[in-house]
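Chains as they are written, first to last, in our numbering: chain A, 1 to 321; chain B, 1001 to 1321. For every residue, glycine included, the Cβ atom is placed at its ideal position computed from N, Cα and C.
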């Protein structure tokens, strides 16, 4: 039987890569996409997938209930999120509503309809928050200490998952996903923004340029989105109910080094000007995860090197600028 | 200068007792009450207090902002809450919205208006959740493990408080308040419900009766509401910014024993029938707090014995039934 996936946040770049993952692996699937925004997928490009799309706002309990009762998915890949930490500092209410409340609305609809649906609750490395270096790499049992409105929204989502798992018996698998990068990511995210700016410098035919940045000393665990979606597929099918899995590379690199690698790929010289107003309150200095759990229990293995990811990201910006 | 208090949940029983505390202690204050429901206070009964009341829904960001910008309180006593655990299992979304989201709306309004207001964020012992006996009594640094939708809502509130404290510099003091009891509590809460039923049996002139209950073996740390509001006054004036304080008696007693004490006071005999459908998923068996922190750092001392509280509660039901 063809499996049915409801994908929330269908218009985003992770959803796009998830569909490409299914197609590339010749997995037949029926996908219902929902998003507040239009999508730009051409359904005819996909041989193994059939699609339906509906523009709905997950803040509308009625709309979610209707969609779920009609579609009755085997899986929900819950990607809808306002996932920018910076945005969450500017608009904490909007961020919280569009992370935590939308997720609660989905869980409650599943419960009311008594559906036998497996849900992937996508969380964030930001949940770990203020981290001491002796606690690195971050493991799934590292205590959470969220330090941004976005991070709090994700921890709240996780706490709600526990209630629906233990109190109501829903089938939920959880992630704490670390930073994703790759083609088609929007430039509100840091690496995409740098890649776009660097490609603009390259295209202007200067061999050097200046980047205005926030704090580039911060260290993050970057993951190719194509590896992330292979993890999500695996977790939906083989993840253990109620378990939380880090989705991460296990390696940390500073933003400064990432800029340097991209500048090398493009063969340009870059100076950096730090704009103090771009530095956020309570920013985590260093985030590196441990991926032993998902590797050892489910056999996940990331396939893309950081350099490959950055090359593909730059090529993407080259193609659209 | 007369201090200005904004009290949310003004129509509830804790607010009523807070006002009586101020009056009894001859504290001049200007109180603006807000609630979604009408109140039944007679403002003329209070010599030291002046009042204003407005019926607003804290889910309306605009209404909160308007009220705060007009009133500019020195203190916010945030009592508005859907604080029933049982209700939260029946209507998790309503519970979450009316605990977490309303609180976030208040914090965000304070931030936007840049007010110098101290906020008392009232949390709950339920936040501690699934407790092992070796972790009793619960201390402020005991890890949280919320096991009901209500408890998750309260933990989320606390996490949001941390963000507004550390990220935006708001002045917030936090409590984890244990079960309150006392006159004027609504009978959706367990002790009030028992007191009302027992008083009805007493008034029917039978010397014995039967109570239909949920699990009466559970142990809770009950506090007289009049002691709770004295703690709140103290915390608003002397609590340390950003600190969390248990508000509790430090003593645990089972519901069965509470029923027995009340039956003795009324001189009636009571049998108990446990209705399995009233037993909740994932109920905490035993909750007892440690009140050393608030006692030692702020000198709080509860004044009412459990028996006095139960007597006064029964007298209240006697007066209105």
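Among the candidates the options, whose CA atom is the shortest distance from the CA of residue i?
i	options	result
residue 59(A)	41(A), 66(A), 97(A)	97(A)
residue 311(A)	266(A), 99(A), 212(A)	266(A)
residue 1079(B)	1130(B), 1273(B), 1154(B)	1154(B)
residue 1056(B)	1075(B), 1137(B), 1009(B), 1086(B)	1009(B)
residue 1088(B)	1218(B), 1290(B), 1189(B), 1219(B)	1189(B)
residue 1303(B)	1287(B), 1252(B), 1248(B)	1248(B)
residue 1256(B)	1235(B), 1232(B), 1286(B)	1286(B)
residue 206(A)	262(A), 236(A), 268(A)	268(A)
residue 1376(B)	1082(B), 1191(B), 1220(B)	Residue 1376(B) falls outside the range modelled here, since chain B spans only 1001 to 1321, and no answer is possible.
residue 279(A)	187(A), 217(A), 301(A)	217(A)
residue 1313(B)	1301(B), 1296(B), 1261(B), 1283(B)	1261(B)
residue 135(A)	46(A), 37(A), 297(A), 290(A)	290(A)
residue 1159(B)	1068(B), 1123(B), 1178(B)	1123(B)
residue 1203(B)	1263(B), 1119(B), 1150(B)	1263(B)
residue 254(A)	288(A), 85(A), 294(A), 235(A)	288(A)
residue 50(A)	22(A), 38(A), 241(A), 84(A)	22(A)
residue 1002(B)	1220(B), 1012(B), 1026(B)	1026(B)
residue 239(A)	224(A), 298(A), 197(A)	298(A)
residue 306(A)	295(A), 321(A), 296(A), 250(A)	250(A)
residue 1178(B)	1241(B), 1147(B), 1309(B), 1246(B)	1246(B)
residue 12(A)	208(A), 187(A), 140(A), 258(A)	187(A)
residue 235(A)	294(A), 132(A), 219(A), 83(A)	294(A)
residue 1128(B)	1062(B), 1150(B), 1164(B), 1292(B)	1150(B)
residue 1053(B)	1028(B), 1161(B), 1111(B), 1071(B)	1071(B)
residue 1284(B)	1016(B), 1133(B), 1233(B)	1133(B)
So that I know if they touch, is there some Cβ in chain B lying closer than 8 Å to that of residue i?
i	result
residue 105(A)	yes
residue 60(A)	no
residue 163(A)	yes
For residue i, return the contacting residues in chain A, with the cut-off set at a CB-CB distance below 9 Å.
i	result
residue 1156(B)	96, 100, 152, 153, 155, 156, 159, 160
residue 1176(B)	Correct list: empty, because the minimum Cβ distance to chain A is about 16 Å.
In chain A, what lies closer than 7 Å to residue i by C-beta?
i	result
residue 1024(B)	Result: empty, since nearest Cβ-Cβ is about 38 Å, beyond 7 Å.
Who are the neighbours of residue i on chain B, taking C-beta pairs under 9 Å?
i	result
residue 147(A)	1162, 1163, 1166, 1167
Chain A contacts from the segment 1062-1095 of chain B (Cβ-Cβ distance under 8 Å): So the list reads 1089, 1092, 1093, given in the order they occur along the chain.
Sufficient close CB pairs (3 or more, under 8 Å) joining the segment 1178-1198 of chain B to the segment 1221-1229 of chain B: With a cut-off of 8 Å, the segment 1221-1229 of chain B and the segment 1178-1198 of chain B count as touching, because enough Cβ pairs lie within range.
Touch test, the segment 1079-1096 of chain B against the segment 100-111 of chain A, Cβ-Cβ under 8 Å, three pairs minimum: The segment 1079-1096 of chain B, when compared against the segment 100-111 of chain A, does touch it at the 8 Å Cβ threshold.
Against chain B: residues of the segment 106-121 of chain A by CB proximity under 9 Å: Of all residues in the segment 106-121 of chain A, 107, 108, 111 have a Cβ within less than 9 Å of some Cβ in chain B.
Where the segment 1252-1279 of chain B meets chain A: residues whose CB sits under 7 Å from a CB there: Within the segment 1252-1279 of chain B, no residue qualifies.
Touching by the beta-carbon criterion (3+ pairs, under 8 Å), the segment 260-276 of chain A and the segment 206-220 of chain A: Taking 8 Å as the limit for Cβ pairs, the verdict is that the segment 206-220 of chain A does touch the segment 260-276 of chain A.
Cβ contact (3+ pairs, closer than 8 Å) linking the segment 1005-1020 of chain B and the segment 1068-1083 of chain B: Segments in contact, yes.
Stretch-stretch touch, CB-based, cutoff 8 Å, three pairs: the segment 112-119 of chain A with the segment 1114-1128 of chain B: The segment 112-119 of chain A and the segment 1114-1128 of chain B do not touch, with fewer than 3 CB-CB distances between them shorter than 8 Å.
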